[in-house]
Amino acid sequence: MKITSCEVLPSVKEFFPSIKNELTKVTWAHEFYGTNDFSDARLTFPLWLSGITSNMNDKEIDEFLSLCTHNFPEATISIGFNRMGCKDPEKSKLDAELITKMKDTLTRNNVTQTVAFPIEVRSAALSLDTLPALKDVHGITDSALYIYGGPTPSDEYVRLAPQLRKLVENFGKDRVYLALGDKLLKRFRARHVF
Numbered sequence: 028m029k030i031t032s033c034e035v036l037p038s039v040k041e042f043f044p045s046i047k048n049e050l051t052k053v054t055w056a057h058e059f060y061g062t063n064d065f066s067d068a069r070l071t072f073p074l075w076l077s078g079i080t081s082n083m084n085d086k087e088i089d090e091f092l093s094l095c096t097h098n099f100p101e102a103t104i105s106i107g108f109n110r111m112g113c114k115d116p117e118k119s120k121l122d123a124e125l126i127t128k129m130k131d132t133l134t135r136n137n138v139t140q141t142v143a144f145p146i147e148v149r150s151a152a153l154s155l156d157t158l159p160a161l162k163d164v165h166g167i168t169d170s171a172l173y174i175y176g177g178p179t180p181s182d183e184y185v186r187l188a189p190q191l192r193k194l195v196e197n198f199g200k201d202r203v204y205l206a207l208g209d210k211l212l213k214r215f216r217a218r219h220v221f
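First residue of the sequence shown? That's 28 in this note's numbering, and the numbers climb one at a time after it.
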């Protein structure tokens, strides 16, 4: 496992001793924004734990969540379940069965801290009917969607603008984070998506 840390907690690796893959990344706010002043970073949390589940089995996911909740209870957990079992995750809709599995996994592991669900922008638009269920996970009082994407030669993303607008309205503007390329974001804003 590769973990990025800083001087504040140089022994962060001791909390994740048994996971062998490159499964998680610890990102400190001041490293991300290049500042030591957290207020400049405009983040309400100092630690973001990201679990990439594409190569993890259920036991490893449980272990990751357990280690996060026991050792970093104030950290935001970002865990992407959208790739599990998908041959082409960027074109996949998250069906109700997968959403239920995600919720059950978080509940089984007694996750109560903030959770951000990363999802590719195309998948988010195609999952308009299922993603709002992630607002209601037992024990979690604060959850959000982390929608990412970048420029594309086609207009496919822009054609999905009405679905994305509806998703943002349904999930809540204050619960959707965007990590989109500048060009794509400008195109969405021109169509009043965000």
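Think of the CB as a built atom: it goes at the ideal place given N, C-alpha and C, for glycine as much as any other residue.
- Its chain contains Ile126 as the residues whose beta carbon lies nearer than 6 Å to that of Ala160, once the 5 sequence neighbours on both sides are disregarded; these appear in chain order.
- Assignment of Ala152 by DSSP, reduced to helix, strand and coil, places it in the helix class.
- Excluding the 5 residues flanking it on each side, Gln190 has same chain C-beta neighbours closer than 6 Å at Ala152, Leu155, in chain order.
- Leu121 and Asp201 have their C-alpha atoms some 22 Å from each other.
- Following the DSSP letters along the chain, one finds Phe144 inside the beta strand (DSSP E) bounded by residues 142 to 147.
- Between Ile79 and Gly107 a beta carbon distance of about 6 Å is seen, short of the 8 Å cut, so the two are scored as contacting.
- The beta carbon of Leu92 sits closer than 8 Å to the beta carbons of Gly78, Ile104, Ile106, Thr132, Leu133, Asn136, Val138 from its chain, once the five residues preceding and following it are set aside; these are given in chain order.
- Within the DSSP bridge table, the entry for Ala206 names Tyr175 as partners.
- Ile174 is a Cβ neighbour of Val203, given a cutoff of 8 Å.
- Per DSSP, reduced to three states, the secondary structure at Ser119 is coil, with no helix or strand assignment.
- According to DSSP, Ser170 shares a beta bridge with Val142.
- The three-state secondary structure of Val195, taken from DSSP, is helix.
- Within the same chain, Leu76, Ala102, Ile104 come within 7 Å of Cys95 by CB-CB distance, once the 5 residues on both sides are set aside.
- Using a 10 angstroms sphere on the CB of Pro100, the tally of other CB atoms stays under 16, which defines it as exposed.
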